[in-house]
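Worksheet for the structure shown next.
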Amino acid sequence: MAQTYIAKDGEMVDEICWRYYPRSQFPLSVETVLEANRGLAALGVRLAAGTALTLPDLKQPDATPIIRVWS
Numbered sequence: 031m032a033q034t035y036i037a038k039d040g041e042m043v044d045e046i047c048w049r050y051y052p053r054s055q056f057p058l059s060v061e062t063v064l065e066a067n068r069g070l071a072a073l074g075v076r077l078a079a080g081t082a083l084t085l086p087d088l089k090q091p092d093a094t095p096i097i098r099v100w101s
């Protein structure tokens, strides 16, 4: 379920994503958060205090099949 995060003065979207999402999901998290918060990128790199962000759930990556060379 998506969470709402209220930014502190000077925070950046990638910094918030780094703290909120697991490291394995970080590469796609910034893009997903920007898509969920239309117009957020227009606010600039550093967010003003009180800016509300929706932090959506990220879909789980597909499992990678294990290929064994020798049985």
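Going by the working numbering, the sequence shown opens with residue 31, and the numbers climb by one from there.
Here a beta-carbon is modelled for each residue, glycine too, at the ideal position from N, C-alpha and C.
Computed from a predicted model, the values in this text were never measured in an experiment.
Cross-strand partners of residue i (DSSP beta bridge)
i	result
Q33	L85
R68	Answer is none; R68 lacks a bridge partner.
R76	M42
Buried or exposed (CB count within 10 angstroms, at least 16 for buried), residue i
i	result
S59	buried
I46	buried
V43	buried
Segment limits, alpha helix (DSSP H) that includes residue i
i	result
W48	43 to 50
Simplified DSSP assignment, three categories, for residue i
i	result
R53	helix
T62	helix
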